[in-house]
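First the structure, in the form of structure tokens, and then the observations on it.
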Amino acid sequence: MATPPPTGPLVTRDTIAAQLRLLGVRSGEILLAHSSLSSLGWVNGGAVAVVQGLLDALGPDGTLVVPTQTGDLSDPAVWSNPPVPRQWWDRIRATMPAYDPLITPTRGVGVVPETVRTWPGALRSAHPQTSFAAVGPHAREITVGHAPDCRLGERSPLARLEKLGARVLLLGVGYDACTSFHLAEYRIPAPLVPVGRPAPGGGWETVTEVSITSDRFDELGHDFERDRNVVRGTVGAADVRLFPVGDAVAYAQRWLPLHRPREEEFPHPRA
């Protein structure tokens with residue numbers, strides 16, 4: 008049986024850049040992009056063309072930032088999708104490769120961030136579970152000094168992005184992917200939780216962290232978009248939203264204590 012032809016639209020590097028500019032992406036700005044390649048349509052060149060289009064829209068003075076998270080570098084005791092046998096846990100902890108920003112692949116954030124991670128000149132932050140990668144003049148300033156006990160808080164790239172006036176681009180994804188909301192979790196009362204992971208020098212370590220979860224971020228995003236100035240449009244077939252990191256963080260700081268009780272740490276998904 009023949010494979011049916013793609014339904015489109017046909018999307019190219021040039022159309023991505025042009026449509027981003029029409030939405031208001033500015034040459035020279037800093038953009039934190041969360042993306043879904045499949046949402047765009049039929050992209051000629053795949054993730055490479057998407058990254059090229061993003062960089063074209065930003066120009067040589069702009070900086071592209073993406074989440075390059077590695078939630079699988081976590082305690083097998085909390086894996087649920089799927090779980091692994093309890094008798095494996097100790098052996099997994101003892102043999103799990105430590106995080107290496109140069110070679111550890113992303114997990115669960117899509118093919119576009121994985122492409123950015125290996126892009127010429129890309130820099131990646133040092134947190135073993137919630138790193139970010141960046142390309143452009145501000146890449147080092149954004150990624151350096153990501154504290155090992157601060158996943159998405161004041162000593163992470165998110166706080167630097169806020170300070171630098173960066174904007175968030177949701178490219179074919181919903182607000183549940185908006186990492187900027189997590190920075191607000193560090194600024195409101197939140198429980199602390201133990202987080203296990205492979206240690207840099209070998210073996211296993213457990214650090215104390217602020218509990219984070221994207222539970223109800225879709226509702227938070229709905230209210231944020233209703234009450235604040237969010238640019239909306241399309242790139243290819245993808246719905247796009249564009250807004251300042253600082254606006255998202257400030258709104259979430261007020262919204263979360265009112266609408267979401269304290270949550271315990273959700274297990275890292277493992278597809």
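Position one of the sequence shown corresponds to residue 8 (this note's numbering), numbered consecutively onward.
Glycine included, each C-beta is placed from N, C-alpha and C at the ideal position.
Inter-residue distance for residue 62 and residue 71 is about 7 Å (C-alpha atoms, whole angstroms). Under the criterion of beta carbons closer than 8 Å, residue 119 and residue 54 qualify as touching, at roughly 5 Å. Between the alpha carbons of residue 205 and residue 10 lies a gap of roughly 43 Å.
Under the 10 Å beta carbon count, residue 38 is surrounded by 16 or more other beta carbons and is classified as buried.
In this structure, the alpha-carbon of residue 133 lies about 12 Å from that of residue 105. DSSP places residue 266 in the uninterrupted alpha helix (DSSP H) bounded by 252-266.
The alpha-carbon separation between residue 19 and residue 49 amounts to approximately 9 Å. Here the alpha carbon of residue 151 sits roughly 45 Å from the alpha carbon of residue 12.
Residue environment analysis places residue 210 among the exposed positions, since fewer than 16 neighbouring C-beta atoms fall within 10 angstroms of its C-beta.
Take residue 264, set aside five residues on each side of it, and the residues of its chain with a beta-carbon closer than 6 Å to its own are 195, in chain order. Residue 34 and residue 123 have their C-alpha atoms spaced approximately 19 Å apart.
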